[in-house]
Amino acid sequence: MDTSFSPTSPASDPPVGSPFAELVINVEAALEGTFHYHVPQDMRATLRVGHLVEIEFGSRLAQGLIIRFDNVAPVPETKPIIALVDAEPVLRPWQIELAHWLSVYYLAPLNACVRLMLPPGLTRWADITLDVNPWWDGAGRLTEGQQALIDLLRERGDMRGRQIRRALPKVKWETAANQLVRRNILIKGSVLDTPRMRPRELRTVELIGGPRQIWAAARQLGRANKQADVLTYLGDSADPLPREEDVLAAAQATPAHVAKLVAAGLVRRQAETVVWVTVAPLQEMPAQWQTQLQQLPTATPDIPPNILAQLQARGLVTPITQPATLSLAMPPAQVLDHILALRGATIYHAILTTLSQAAQPVSLTDLYAATNANLNHLRRLARHDLIRFGSMEVWRDPLADRDFVPMQPPLLTNDQARVWGRIKIAMLAGLDDDDVGDEPDENEADGPESADESPAALPFLLHGVTGSGKTEIYMRAIDLALSQGRQAIVLVPEIALTPQTVRRFAARFPGRVAVLHSRLSDGERYDTWRRARQGLFDIVIGPRSALFTPLDNLGVIVLDEEHDNSYKQTPPVPPPYYHARETAIRLSQIVGATVIMGSATPDLVTYHRARAQKYQLLELPRRIMGHRQRISGQADRLHLTSRYTQQGDDPDDALTIPMPPVQIVDLRQELRSGNRTIFSRDLQRAISETLARREQIILFLNRRGTATFINCRDCGLVLNCPRCDIPLTYHRPHMQIVCHHCGRREPIPETCPRCGSTRIKYFGLGTEELQERVQQAWPMARIVRWDRDTTAGKDTHETLLANFINQEADILVGTQMIAKGLDLPLVTLVGVISADVALGLPDYRSGERAFQLLAQVAGRAGRGLLGGRVIVQTYQPEHYAIQAAADHDFVSFYLEEIRFRTQHSLPPFRRLARLVIADPINERAQREATRIAQALRQEAQA
Numbered sequence: 000m001d002t003s004f005s006p007t008s009p010a011s012d013p014p015v016g017s018p019f020a021e022l023v024i025n026v027e028a029a030l031e032g033t034f035h036y037h038v039p040q041d042m043r044a045t046l047r048v049g050h051l052v053e054i055e056f057g058s059r060l061a062q063g064l065i066i067r068f069d070n071v072a073p074v075p076e077t078k079p080i081i082a083l084v085d086a087e088p089v090l091r092p093w094q095i096e097l098a099h100w101l102s103v104y105y106l107a108p109l110n111a112c113v114r115l116m117l118p119p120g121l122t123r124w125a126d127i128t129l130d131v132n133p134w135w136d137g138a139g140r141l142t143e144g145q146q147a148l149i150d151l152l153r154e155r156g157d158m159r160g161r162q163i164r165r166a167l168p169k170v171k172w173e174t175a176a177n178q179l180v181r182r183n184i185l186i187k188g189s190v191l192d193t194p195r196m197r198p199r200e201l202r203t204v205e206l207i208g209g210p211r212q213i214w215a216a217a218r219q220l221g222r223a224n225k226q227a228d229v230l231t232y233l234g235d236s237a238d239p240l241p242r243e244e245d246v247l248a249a250a251q252a253t254p255a256h257v258a259k260l261v262a263a264g265l266v267r268r269q270a271e272t273v274v275w276v277t278v279a280p281l282q283e284m285p286a287q288w289q290t291q292l293q294q295l296p297t298a299t300p301d302i303p304p305n306i307l308a309q310l311q312a313r314g315l316v317t318p319i320t321q322p323a324t325l326s327l328a329m330p331p332a333q334v335l336d337h338i339l340a341l342r343g344a345t346i347y348h349a350i351l352t353t354l355s356q357a358a359q360p361v362s363l364t365d366l367y368a369a370t371n372a373n374l375n376h377l378r379r380l381a382r383h384d385l386i387r388f389g390s391m392e393v394w395r396d397p398l399a400d401r402d403f404v405p406m407q408p409p410l411l412t413n414d415q416a417r418v419w420g421r422i423k424i425a426m427l428a429g430l431d432d433d434d435v436g437d438e439p440d441e442n443e444a445d446g447p448e449s450a451d452e453s454p455a456a457l458p459f460l461l462h463g464v465t466g467s468g469k470t471e472i473y474m475r476a477i478d479l480a481l482s483q484g485r486q487a488i489v490l491v492p493e494i495a496l497t498p499q500t501v502r503r504f505a506a507r508f509p510g511r512v513a514v515l516h517s518r519l520s521d522g523e524r525y526d527t528w529r530r531a532r533q534g535l536f537d538i539v540i541g542p543r544s545a546l547f548t549p550l551d552n553l554g555v556i557v558l559d560e561e562h563d564n565s566y567k568q569t570p571p572v573p574p575p576y577y578h579a580r581e582t583a584i585r586l587s588q589i590v591g592a593t594v595i596m597g598s599a600t601p602d603l604v605t606y607h608r609a610r611a612q613k614y615q616l617l618e619l620p621r622r623i624m625g626h627r628q629r630i631s632g633q634a635d636r637l638h639l640t641s642r643y644t645q646q647g648d649d650p651d652d653a654l655t656i657p658m659p660p661v662q663i664v665d666l667r668q669e670l671r672s673g674n675r676t677i678f679s680r681d682l683q684r685a686i687s688e689t690l691a692r693r694e695q696i697i698l699f700l701n702r703r704g705t706a707t708f709i710n711c712r713d714c715g716l717v718l719n720c721p722r723c724d725i726p727l728t729y730h731r732p733h734m735q736i737v738c739h740h741c742g743r744r745e746p747i748p749e750t751c752p753r754c755g756s757t758r759i760k761y762f763g764l765g766t767e768e769l770q771e772r773v774q775q776a777w778p779m780a781r782i783v784r785w786d787r788d789t790t791a792g793k794d795t796h797e798t799l800l801a802n803f804i805n806q807e808a809d810i811l812v813g814t815q816m817i818a819k820g821l822d823l824p825l826v827t828l829v830g831v832i833s834a835d836v837a838l839g840l841p842d843y844r845s846g847e848r849a850f851q852l853l854a855q856v857a858g859r860a861g862r863g864l865l866g867g868r869v870i871v872q873t874y875q876p877e878h879y880a881i882q883a884a885a886d887h888d889f890v891s892f893y894l895e896e897i898r899f900r901t902q903h904s905l906p907p908f909r910r911l912a913r914l915v916i917a918d919p920i921n922e923r924a925q926r927e928a929t930r931i932a933q934a935l936r937q938e939a940q941a
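Numbering that gives the first Met the number 0 applies: residue 0 is where the sequence shown begins, and numbers increase by one.
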């Protein structure tokens, strides 16, 4: 093992013939360092940095990722690389360098950092195999568990560990297996699981038979039919008028079959006729009949029968009998259609027609849908060598069935033009800058930053009020990057924002956008990773994990709503506990990309860095409603007076709109005046008036569930999660108590688990309870709830958003998910049920989070022609965070909050670290936490 890697060592192509490879072992256990393996001679010309290989790790098979090649190994003995798993490297050099940095900066296992770069289903985990030793004579005593394991293996033969675990869920089979292996009763082996994900293959079929082959096979398709046989003979015949008796003999048909074809208009029948012809020259004929005899040959000469008989007797004329003939009464191209129809083989005809019109192989699914065929029909055609089966890969693309209407970029406002000019200059200057940054100073409290202090290398902080046009700036930067042959990553904090963001970007950049997030199926995520590796799209949109998409030429990284704490990976998700903002900045330094962070309420640390000129600060102070011509047309249709400010003289100039007014309601006064409901009198009136005008409402409460905690009224016990030690939340619809941290669910207890009392009380208010109370107060209102409980499915975010935008609901009740960047122009009232929830959090950032949530949710109101207002209910109306949010004044909040942080030596002036002790046994975790705390106190006092 080698743990002395250099975090800044760039991965490079191997020298040909390098004998040793440095690997990160891709196993579930956390591994800090790397391991050296020797490269077999026959692999040395093939293996590259980033390749996934199969190796033996300890006594088990495993997978490893090559991160470097060496001419010498730091250990005397090395194992060989067994096999190459994927012909193309699965890691890019920049990903390897970024994983090294993550490991050092966030004190995380290197293999866990590397796993961030891999798609689901690629890793093959190690497993064991067990079988009964055929030489075992059955002697010796066995425990009950050992006997159960042996009985299972005798019944099923060789089995894998995961199979045994499913078959014997209540047996401690691993202990039994190890004991039996030591006694030589069982034989143990090592294998790798089969990959969970593979490319999706669709079976296809294509036409290979030509017209002659199809015609030849037509008589054998479908059921026997004499009429079809007659048509087949006529189609094959070189004689355009074959004799009827020949046709009937060849087709083994009867005159009745021919009669049906004639009646259907498919065949013409010429009946048997007698034709008189002259035998002698005309001048030898009697003079009085020469004129009539000139008509011959004919079946109806204009000569009396007795005269014809005399002429025949004299050998001057003779009758010739012509047999009945048949001919096709349709164009030759239609014959096959009728043959197959008569044979009941129209499906074969449909198959052949569909395939003949296709420019490429057709999937069986599409062919079945188009023709009602089944596999037996296709197999019969294949036996006649008319079609050929095959397969093709189909990408699992979540956007494949979506249609996006292309949109042209709007004119920029003066503010936008100024901001875009700064970014454009930096991006163009960055093209000529080969120095893309060095390793950050780890002693800096501010985190990673570029060592290159030129403006082109510094990240941008785009501080713009809600609705100020930040997204248009993002798209301009991406458009420039694409014109330079580069690519872009757009990060959003919530999956809920992904559909709206994708819609806007896909309309602007059709066919060049992909989406990547955890709600996609494993197959969709796996294929998106593979498509990125092949360069099949240029823009990826998603939450923090999208940052590791393997794009080869990254030019722009956008962090929308950069203040959001979901950009930080935290437990119960496994490490590394990275921050997407810091990681994006480090990635930009590695690849030379531009970082644009946007927010109406920037993270205080980010804004502090920008004011210290470590980032470039850009401002968009005005909210944009739209462009004058479009807005004027809408106002005329709705008979509304314009309330927007024109920004120029051009008809296409944008119109701006003031931020919505915010009213603060003191809930203490509501209680004193006798109102004990959760709705203040002002909010009640506003909701009723808004509903009467048929406008839309958002009610915000940052607590989901029915009750926020459960308490025993006799002993005072608060029911906490046994894993996380935080209060469990009551969810009435499912009759469960749920941990909102780890997801643990339990049935509602009937008695207190500590004292046995039945006096259990539910306290607090969540969105479920809020929805019920709104429905009780306004029974005619259509209400939808938007929180993590109602959006568990893959497409539920988009469905909920579409329903609300289409006015299929009047009131949207939700948590912080509705405060993040959604554009809802028909919302004219936003009500904050309790602004105190965020302020009551045991976190030094509670004031900042309260301000951000209130400012963001207030930004959902008044974005349309109808205007809007915000009502904030609170027990702390004088709190500076609430006052600043009501005034839409970020700077005043920042100055107040930074004063508080300075006084208490909090970030951005100090770094904080959290140590989490995890152990299946609570007491052991507590002891270890106590020991570490004591050691840290002693170290601090030393």
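Just so it is clear, CB atoms sit at the ideal spot from N, CA and C, and this is done for glycine as well.
query                                                                                                                                                                            : result
Taking all protein chains shown into account, do 16 or more other C-beta atoms lie within 10 angstroms of the C-beta of I945, making it buried, or fewer, making it exposed?     : Since the first residue shown for the chain is 0 and the last is 941, residue 945 is missing from the structure and cannot be characterised.
Are three or more beta carbon pairs between the region 610–620 and the region 412–421 nearer than 8 Å?                                                                           : yes
Grab me the residues of P660's own chain with a C-beta within less than 6 Å of its C-beta, minus the 5 sequence neighbours each way, in chain order.                             : R868
In chain order, what residues of the same chain lie with their CB nearer than 8 Å to the CB of E200, ignoring the 5 residues before and after it?                                : S390, M391, E392 and V393
Check A924 in the structure and name its three-state DSSP category.                                                                                                              : helix
Please specify which runs of the beta strand (DSSP E), each continuous and at least 3 residues long, are wholly inside the region 793–860, giving them in chain order.           : 810–813 and 826–831
Which residue's Cα is closest to the Cα of I65: D521, E76 and T33?                                                                                                               : T33
Are E55 and V84 close, meaning C-beta to C-beta below 7 Å?                                                                                                                       : no
With C-beta atoms as the reference, is D918 less than 7 Å away from A912?                                                                                                        : no
If you draw a straight line from the alpha carbon of P498 to that of L460, how long is it in whole angstroms?                                                                    : 24 Å
For the beta strand (DSSP E) that contains V273, what are its first and last residues?                                                                                           : T272 to T277
Quick one, which of Y577, D602, W419 and T814 has its alpha-carbon nearest L101's?                                                                                               : Y577
For S189, write down the residues that DSSP places opposite it in a beta bridge.                                                                                                 : I127
To the nearest angstrom, how far is the alpha carbon of A279 from that of D235?                                                                                                  : 39 Å
Does the distance from the CB of A837 to the CB of A854 come in under 7 Å?                                                                                                       : no
For Q590, report the span of its alpha helix (DSSP H) as first-last.                                                                                                             : Reading the sequence as shown, one finds Val at residue 590 and not Gln. From DSSP, the alpha helix (DSSP H) with V590 extends over A579 to V590.
Look at the Cβ atom of Q62, then the Cβ atom of R123, and state whether they are nearer than 7 Å.                                                                                : yes
Could you tell me which residues DSSP puts in a beta bridge with M158?                                                                                                           : L129
Assign D842 to one of two classes, buried (16 or more other C-beta atoms within 10 Å of its C-beta) or exposed (fewer than that).                                                : exposed
Just list the residues that DSSP pairs S334 with in beta bridges.                                                                                                                : As written in the sequence, residue 334 is Val, which differs from the Ser given in the question. DSSP output for V334 lists no bridge partner at all.
Could you check what DSSP says for T317 in three-state terms: helix, strand or coil?                                                                                             : strand
Tell me V664's beta-bridge partners as DSSP assigns them.                                                                                                                        : Q872
State yes or no: is the beta carbon of E205 nearer than 7 Å to at least one beta carbon in chain C?                                                                              : Protein chain content of the structure displayed is limited to a single chain, and chain C is not contained in it.
Which class does V773 belong to by DSSP, given the choice of helix, strand or coil?                                                                                              : helix
Can you tell me whether DSSP reads I494 as helix, strand or coil?                                                                                                                : helix
Which same chain residues, not among the five before or five after D559, have their C-beta less than 6 Å away from its C-beta?                                                   : V491 and G597
In the DSSP assignment, what residue or residues form a beta bridge with D945?                                                                                                   : Outside the displayed range of the chain (0 to 941) lies residue 945, so it cannot be described from this structure.
According to DSSP, is A258 part of a helix, a strand, or is it coil?                                                                                                             : helix
Kindly list the residues whose CB is nearer than 6 Å to the CB of R47, restricted to its own chain and excluding five residues on each side of it in sequence; keep chain order. : P88
How should V361 be labelled, buried or exposed, when 16 other C-beta atoms within 10 angstroms of its C-beta is the threshold for buried?                                        : buried
For T827, collect the residues of the same chain with a Cβ closer than 8 Å to its Cβ; drop the 5 residues on either side in sequence, then sort them by chain order.             : T689, R692, E694, Q695, I696, A860, G861, G863, L865, G866, G867 and R868
Measure how close the beta-carbons of V512 and L366 come, nearest whole angstrom, since I'm counting them as under 8 Å.                                                          : Contact flag wrong, Cβ pair sits at about 30 Å.
Let me check understanding here. Comparing Cα to Cα, which of A776, G765 and E807 lies closest to V783?                                                                          : E807
Quick one: Cα of D665 to Cα of Q875, how far?                                                                                                                                    : 7 Å
Around the C-beta of A28, are 16 or more other C-beta atoms found within 10 angstroms, so that it is buried, or is it exposed?                                                   : exposed
Taking the alpha helix (DSSP H) that L380 falls in, what are its first and last residues?                                                                                        : L374 to R382
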